[in-house]
Structures are given as C-alpha cells and as structure tokens.
Amino acid sequence: MSLIVQKYGGSSLSSPERIKEVARRIARTRKKGNKVVVVVSAMGDTTDELLKLASQVSLNPPKRELDLLLSSGEIISSALLSMALHSLGEKAVALNGSQGGIITNEVHTRARIQRIEVERILKELEKDKIVVVAGFQGVTSENVITTLGRGGSDLTAVALAAALKVKLCEIYTDVEGVYTADPQIVPEARKLRRISYEEMLELASSGAKVIHLRAVEVAQKYKIKLHIRSSFSEKEGTIVE
Ligand code: ADP
Ligand code: ASP
Ligand code: MG
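So in the working numbering, spot 80 of the sequence shown is number 793, and the numbers just go up one at a time.
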C-alpha cells in the first residue's frame, strides 16, 4: 500500500458540486488501495473575499488577526471535503494546520515552515482514514496561527510529502499541466509532459502561479516528484522532476 499526497487548489473546490467531485476522485484513489493525505486550498475566491472583508473593517488590519481570518478559508474546505468523503462511505478526518503539525516561524502572512510534527497524521492514517489537511497555514511554537503567503497550499502539500517521506505529490488545478506560457492568456501555449525542477523554478519565479516557487524548491531539495494535473479531467499532466 502506498501513501499519496494530493493537493486541490481553490478552483478545484469552488462549489459544493466541485467538492463532491473531488471527494469522488479521492475515493477512487483510496479504492486502488492507497493511503491518502489531501491538502486543500480555500474555495474559489474565498481568500480574496476575506481580504476584502478585512479592509472593510480596518485600514490596517493587525497581521495576527489577518492570518487567523485567512486560515479560516482552508479550514472550511477541509471540513466540507471530509464531510463529502463521509457521505461516500469513506473514513476521513479534517485537520487544520495546527492539528496537522505544521510549525512555522512568527512572520505573519508569509511564515516559513520550520518543521512538521507528523505523529497525528500518521495516527489517523493507521486508523485507515483519509487525512484532509487545511493548506496555507501553520502555527507558531507559541500557538499563534500563521499563513504561508499567497498560493501557499502548494507548499503545505510538498512539505507534508517531504515529512511523510513520500516521493510523489499530485497537484490538482484548473489547467492540464504546466504550459510554455499561461494557457488562459496564450491559447497557443504548449503543454509540457515533463519539466526539470530548474526549469520549473524559472517559470515560477517569472510569475507562473501554477505552482508556488517555494513548493518547487522543497520538492527539489527532497527529490519529490510533482505531477501537476487537472482535477477536471483524467488526462496526464506535467511531471516535474
Ligand atoms: P489553484 O487554484 O489550483 O492553486 P492557481 O490559480 O494558483 O490554481 O494556478 C493555476 C493557474 O496558473 C492556471 O489557471 C493558469 O492561468 C496559471 N498559469 C500561469 N502560468 C502558467 C503556466 N506556464 N502553465 C500552466 N498554468 C499557468
Ligand atoms: N487560499 C490561498 C490563496 O488564495 C492559498 C492557496 O490557494 O494556495 O492564496
Ligand atoms: Mg495556486
């Protein structure tokens, strides 16, 4: 039995229907005999909406409270996805970043992961549960909630794969892989079957938000293969290795 880490981005979880569809996909992975850890982003534009709400009550929101607020988006997704899995008859448990053992430094809104305490996740996996972890967030050793910077759920997924010693991390998104340019802007962009970490780092640092730059750095460091693919189709995506 192998352990797979899958991450679903906000566009893959933008409605209750989409959450149910993702739950069905995860259940299929489970039925093939795999153990699964899932990392989720906030639904659709939730993070932008939360930022807007904050700006409507404060000109300069305290960063501690901003992080607490933003972390709620991913918590909603994790709870809903776990519920959807339960209604398919799967055993699942949702964990926020703190419960998932993601320990960060104190730099609010762009915290760095310092270590991951995997005991809780391992215990849940032993109980045969699908573990759904809220991405993009962590907790300091002083028990203060932090977030990892925009797009940070990718980093949660890859860092968890590293901590769990998993060699493959699947990143599910709204395009079929990594293209030579943003396919939503450049229709003639070409999908790449395979790309090296170095090339992916270059693309990510020139603004291709299909995957977070730090996530690629961590994947390269721990030699984790990434499969960036669509949650809307069964097609093979792009392997980053
Ligand atoms: P998610 O919600 O799954 O995290 P993002 O919106 O963060 O998804 O990233 C996916 C988006 O990245 C795509 O919809 C696409 O517009 C954009 N993108 C930018 N550059 C590229 C590229 N070179 N290849 C693929 N997608 C790209
Ligand atoms: N929800 C956060 C964002 O919109 C994190 C993520 O999607 O990865 O930036
Ligand atoms: Mg993203």
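Each residue gets a CB set at the ideal place from its N, CA and C atoms; glycine is no exception. All figures in this text were calculated on a predicted structure; none of them were measured in a lab.
Query, Result
"Would you kindly report the start and end of the unbroken alpha helix (DSSP H) that includes E855?", "Neither: E855 is in no alpha helix (DSSP H) and is coded neither H nor E."
"Run through DSSP, which three-state label would Y935 get?", "coil"
"Give a yes or no on whether the C-beta atoms belonging to I739 and I843 are separated by under 8 Å.", "yes"
"For K878 and T817, I'd like the C-alpha separation in whole angstroms.", "19 Å"
"Can you look up T886 in the DSSP assignment and give me helix, strand or coil?", "strand"
"Taking all protein chains shown into account, do 16 or more other C-beta atoms lie within 10 angstroms of the C-beta of V845, making it buried, or fewer, making it exposed?", "buried"
"In whole angstroms, what separates the C-alpha of I834 from that of I788?", "16 Å"
"Tell me whether the beta-carbon of L881 lies closer than 8 Å to the beta-carbon of I732.", "no"
"Please look up how many angstroms separate the CB atoms of S754 and L726, rounded, as I've assumed it's under 8 Å.", "7 Å"
"Just how far apart, CA to CA, sit Q960 and G814?", "Because the chain in this structure spans residues 714 to 954, residue 960 falls outside the shown range and cannot be described."
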